[in-house]
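In full-length UniProt numbering, the protein residues as written are 1 to 547. Backbone N, C-alpha and C define an ideal beta-carbon position, used for all residues, glycine too. See structure below.
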Amino acid sequence: MSTAPRALNVILSLFVWQLIFIIAGISRLNFASAATLGEWKLLQRNIGVSAMHMQLLNNDRVIIFDRTDFGRSNLSLPNGVCRNNPNDLALKVDCTAHSLEYNVNANSFRPLMIQTDTWCSSGSVLADGRLLQTGGFNDGEKKYRVFRPCANCDWQEFDGLNARRWYATNHILPDGRIIVIGGRRAFSYEFYPTSKTLINFPFLSQTNDAGEENNLYPFVHLNVDGNLFIFANNRAILFDYKKNSIVRTYPQIPGGDPRNYPSSGSSVLLPLSAAGTEAEVLICGGAPKGSYAQANKGVFVTALRTCGRIKITDASPQWVVENMPTARVMGDMTLLPDGNVLIVNGASSGTAGWEIARNPVLSPVIYRPDSAVGSRFQVQNPSKTPRMYHSTAVLLRDGRVLIGGSNTHVGYVFSGVDFPTDLTLEAFSPAYLGTEFASIRPTILLPTAQTSLNYGEILRVRYKISGTLSPRKVTVTMVSPSFTTHSYSMNQRLLHLGGGNSLKVATSEYITQVRTPKNSILAPSGYYLLYVIHQGIPSVGTWVHIK
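As structure tokens, this is what we get:
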């Protein structure tokens with residue numbers, strides 16, 4: 001054989017082997033990429049109650065409830081107890097629970113007793129850790145209920161609201177009060193602790209679409225100046241609730257499509273810095289104008305792909321529009337400990353309401369606020385469970401997101417429908433919980449659980465890391481637990497406290513010094529989850545109480 005063919009064979013052989021290595025490398029890359037897109041785990045196959053509303057409390061219990069006039073749930077009340085309510089629209093005597101307490105650490109649950117209807121209601125955690133739940137439907141529309149986090153506590157119910165609060169929004173205020181805003185045909189607001197004062201709020205009547213409304217569950221965020229950013233339908237204002245006056249009116253969100261229930265986009269206040277001088281709001285998804293009427297005729301319009309982001313503290317604020325990878329209505333937006341946003345649940349066509357959405361979106365999306373426009377979204381591994389109307393999601397202390405709910409029917413329906421009532425609970429674990437990060441994952445040693453903090457004080461956070469520390473890549477965050485229902489997480493808030501100044505004090509142990517939020521405008525009094533983040537990997541959170 002001549003020298004030329006031999007050389008050619010050698011070159012071809014090298015090329016083949018190189019190609020094999022490239023393919024193998026791509027396979028390893030794909031495998032590695034798949035492992036970085038989050039994991040799903042089924043926690044409970046049947047909790048007996050549809051998770052229409054969820055709230056994490058500072059004892060690592062999640063309070064879950066739906067509505068009392070669904071008829072029987074799949075969870076019996078204990079010891080033969082029954083609810084006797086002559087005003088109930090489904091069962092006057094009901095021996096099943098419509099609320100439960102889920103123990104995160106034990107992965108167990110116990111039934112709770114609600115007397116009056118909580119359908120499409122609202123809630124906030126008070127500064128002392130009690131859950132305040134407001135309103136509902138029928139005999140529950142003017143009720144408020146309180147749940148104290150303790151071993152065997154149950155709901156307490158009271159009369160006291162001044163207007164029917166059905167599809168209202170709550171927010172905790174810097175002085176510890178709760179403001180309750182809106183509700184179906186309730187163009188007003190009031191406060192808890194309750195008084196006889198009912199304050200007219202024309203902005204809600206002005207944003208009310210006849211027939212579709214599209215201003216229910218308005219998005220409300222506490223701005224760094226103490227005023228409230230309120231978004232309803234497609235408009236937003238900055239509102240001084242003390243003077244009952246509009247401070248400023250923001251530009252209409254581009255496109256003019258509605259984002260509130262029943263069009264049901266979602267909204268978060270993006271993470272705040274320790275300085276507390278700027279604030280940004282993100283609103284994603286929803287349904288085009290007219291979708292509700294069309295869906296009731298059997299025409300399921302494609303949902304919105306757009307997100308609007310606005311710096312509400314700017315002198316001349318403008319919306320910046322981005323596109324999600326997939327259209328989504330009824331999505332839930334959850335702030336993660338690292339400052340990113342998880343967008344999960346929902347459908348890609350139709351709208352919120354009984355039986356009027358199609359095409360579930362099974363893959364969550366991570367939104368990275370600090371990345372460049374065009375590279376902020378990352379699609380995650382899909383769940384196998386459609387989470388449609390009446391789905392929920394809340395952050396847990398260990399960094400997982402608890403996800404439940406999905407009931408598109410008037411009552412519990414498990415067969416013969418496209419989307420049966422779902423009574424499961426599952427957890428989504430973002431990539432930061434991967435075992436490959438064990439050596440760089442911090443473990444908080446101090447402060448210990450339930451530590452009390454003061455405003456504006458120096459906080460020395462002690463933690464350990466088994467691997468190599470990158471001191472400049474350490475930050476500390478505080479996250480408030482949210483009340484989640486109907487695609488909106490009320491009172492959700494994340495603050496960056498600083499970091500990057502770690503000092504080694506023992507083998508694998510370090511201290512970083514940060515300053516707590518300077519006032520209750522930045523962080524209203526109450527319980528927060530404190531995290532140490534190292535190279536983007538969060539510790540398990542520890543509960544702290546600021547007052």
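Between which two residues does the beta strand (DSSP E) holding Gln513 run? 509–515
Under 9 Å, do Val544 and Ser482 count as touching if we go by C-beta distance? no
Member of Asp225, Leu222, Asn233, Glu190 whose CA lies at the smallest distance from the CA of Asn208: Asn233
Measuring CA to CA, which of Pro524, Ala352, Arg305 is closest to Tyr292? Ala352
Roughly how many angstroms lie between the CA atoms of Ile283 and Gly80, to the nearest whole one? 46 Å
How would you label residue 612, buried or exposed, when you count the other beta carbons within 10 angstroms and need 16 or more for buried? The structure shown has nothing for residue 612, since the chain only spans 1 to 547.
Got a sec? Which residues, its chain only, sit under 6 Å from Leu29 by beta carbon, not counting five neighbours each side? With a pLDDT of 30 at Leu29, under the threshold of 50, the modelled position of that residue is not reliable, and the figure given next carries that caveat. Excluding residues within five positions, none has a Cβ falling inside 6 Å.
Candidates Asn227, Asn323, Arg235, Ile237, of which the one nearest Lys243 by Cα: Asn227
When His98, Arg72, Leu75, Pro86 are compared against Met52, the one with the closest alpha-carbon: His98
If we count the other Cβ atoms within 10 Å of its Cβ and call it buried at 16 or more, is Thr169 buried or exposed? buried
How many angstroms separate the CA atom of Lys143 from the CA atom of Asp159? 5 Å
According to DSSP, simplified to helix, strand and coil, what is Phe419? coil
Beta strand (DSSP E) segment containing Tyr292, residue limits: Here Tyr292 belongs to no beta strand (DSSP E); instead the alpha helix (DSSP H) covers 291–295.
Burial state of Pro251 (16 or more Cβ within 10 Å): exposed
May I have the straight-line CA-CA distance separating Ala151 from Ile63, to the nearest angstrom? 13 Å
Pro360 - containing beta strand (DSSP E), residue span: 357–360
Simplified DSSP state of Leu433, which is helix, strand or coil: helix
From residue 562 to Ser539, what distance separates their C-alpha atoms? Given a span of 1 to 547 for the chain in the structure shown, any question on residue 562 remains unanswerable.
Do Lys473 and Gly498 have their C-beta atoms closer together than 9 Å? no
On the three-state DSSP scale, how would you describe Pro78? helix
To the nearest angstrom, how far is the alpha carbon of His221 from that of His171? 8 Å
Ser264 beta carbon less than 9 Å from that of Ser487: yes
Helix, strand or coil: how does DSSP classify Ala7 here? Its pLDDT being 39, under 50, Ala7 is placed unreliably in this model, and the coordinates cannot settle the point.
Go ahead and pull the three-state DSSP assignment for Ser452. strand
From Val224, Gly211, Leu459, pick the residue whose C-alpha is nearest to that of Asp314; which is it? Val224
When you compare only the Cα positions, how much space is there between Pro364 and Ile533? 22 Å
Straight-line gap, Leu198 to Thr435 (C-alpha atoms, nearest Å): 53 Å
Is it right to say Phe109 is buried, meaning 16 or more other beta carbons lie within 10 angstroms of its own, or is it exposed? buried
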